[in-house]
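Numbering of the sequence shown is given in our numbering, commencing with residue 20 and proceeding in unit increments.
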Amino acid sequence: MSTRPRLNIPLTLLDWLLEGLTMLLMAWLIWSLIDAYGSLPDTIPTHFNHEGQADGFGSKSTLWLLPSIGFAMYIVLLIVNRSPHRFNYTVDITETNAAYQYALACRLIRVINLSVVATFWILSREMILGAQEAPGQLGGYLLPMILFLTLSPIIVYLILSALYKS
């Protein structure tokens, strides 16, 4: 790792778009909580089973954990993304492939950030709808959707990383 080149990876339009979407979704998450918070009962659904039905309940203040954790993760991943030469890679990093592999890994972090915030937005939406006695529309698709948002960026990254030959 100490022999890996340290490169400044410029952000592409896609990178800026991912960052912007993540911030926009985070703002939407916070705004939707502020907007609904006053009308929510003191007890809300806080856990959902594999079919998307509420099976755990708690204080409405637990809703603030989602944007808090999401924002903390965003900041941590933003800082981590500044040192791609320290990441673990599935391929050997050389002078030839470093720029590609670093840019790809940094983009993965950005997509994961967006996926985490999207997951938290979906969960908060379901919690709010469940508290308002208007069941969410995800039903049995909640768990598969969250798994897709979490795992698909990693699978795409692994394929793209392995396909680059140099």
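Ideal Cβ positions, reconstructed from N, Cα and C, are used throughout, including at glycine.
Note that the structure is predicted; figures quoted are calculated from it, not measured.
Would you report the Cα separation of residue i and residue j, rounded to the nearest angstrom?
i, j, result
"residue 51", "residue 168", "21 Å"
"residue 28", "residue 123", "10 Å"
"residue 101", "residue 78", "37 Å"
"residue 40", "residue 93", "12 Å"
"residue 73", "residue 146", "8 Å"
"residue 106", "residue 115", "17 Å"
"residue 182", "residue 148", "43 Å"
"residue 22", "residue 97", "24 Å"
Run the CB neighbour count on residue i, radius 10 Å, all protein chains shown included, and call it buried at 16 or more, exposed below.
i, result
"residue 31", "exposed"
"residue 151", "exposed"
"residue 121", "buried"
"residue 117", "buried"
"residue 159", "exposed"
"residue 177", "exposed"
"residue 166", "exposed"
"residue 140", "buried"
"residue 88", "exposed"
"residue 174", "exposed"
Please look up how many angstroms separate the CB atoms of residue i and residue j, rounded, as I've assumed it's under 8 Å.
i, j, result
"residue 128", "residue 99", "7 Å"
"residue 45", "residue 90", "6 Å"
"residue 104", "residue 24", "7 Å"
"residue 67", "residue 161", "6 Å"
Within its chain, find whatever has a CB closer than 8 Å to the CB of residue i; leave out the 5 residues flanking it on each side and keep chain order.
i, result
"residue 143", "48, 51, 52, 82, 85 and 86"
"residue 61", "78 and 79"
"residue 37", "126, 129, 130, 132 and 133"
"residue 179", "123"
"residue 138", "165, 168 and 169"
Counting only the same chain and skipping the five closest in sequence on each side, list residues whose C-beta sits under 7 Å from that of residue i.
i, result
"residue 172", "127, 130, 131 and 134"
"residue 26", "117, 118 and 121"
"residue 65", "75, 76, 77, 81 and 146"
"residue 34", "126 and 129"
Who are the Cβ neighbours of residue i in its own chain at under 6 Å, not counting the five residues just before and after it?
i, result
"residue 70", "159"
"residue 63", "79, 146 and 150"
With 9 Å as the threshold, decide whether the Cβ of residue i is near any Cβ in chain C.
i, result
"residue 43", "Absent here is chain C; the protein component of the structure consists of one chain."
Do three or more CB pairs link the segment 56 to 63 to the segment 128 to 144 at distances below 8 Å? Cβ pair count under 8 Å is below three, so no.
Check whether the segment 79 to 99 and the segment 108 to 115 are in contact - that is, three or more C-beta pairs closer than 8 Å. no
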